[in-house]
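In my numbering, the protein residues as written are 1 to 135.
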């Protein structure tokens, strides 16, 4: 949580409805300018008067909070990889014809996750003991 004066100041700036929404979904209150939205409906905010590395945040359209719901260019901006938001950058503002129209969830730990396998013969074979039959 934050200081009481900061919290009350943000309540005055953003209103009670947005204040309650932020407390329920982010656990903190922040007031900043809306930088843009992506095609999934996520809203991106920035407040340069905040503490360092807490100046940018996202309000997810779906509230299951998966970082895979952020587009790659917005993810680069929100993690301070670039300074210009993707909707203001002329190179990244162009439509990407190769990108899928719907969200593809992260399948890292799911049943359809990519798993590597080895096709080469092992260099070392494990020793298997052979016991003689008892007499």
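Think of the CB as a built atom: it goes at the ideal place given N, C-alpha and C, for glycine as much as any other residue.
Computed from a predicted structure; not experimentally measured.
Which ranges would you report for the beta strand (DSSP E) in the segment 33-103 if only whole runs of at least 3 residues count? 33-37, 43-46, 56-59
With 16 other CB atoms within 10 Å as the buried threshold, where does residue 126 fall? exposed
Take the Cβ of residue 73 as the centre, count every other Cβ of all protein chains shown within 10 Å, and call the residue buried at 16 or more, exposed below. buried
Residue from 37, 90, 111 with nearest C-alpha to residue 75: 37
So, residue 34 versus residue 43, is the Cβ gap smaller than 8 Å? yes
Under a Cβ-count criterion, where at least 16 other Cβ atoms within 10 Å of its own Cβ denotes burial, should residue 123 be classed as buried or exposed? Flag for residue 123 reads exposed.
What span of residues does the alpha helix (DSSP H) with residue 10 cover, start to end? 4-14
Just to confirm before moving on: does the CB-CB distance between residue 45 and residue 57 stay below 8 Å? Yes, these two residues count as a Cβ contact at 8 Å.
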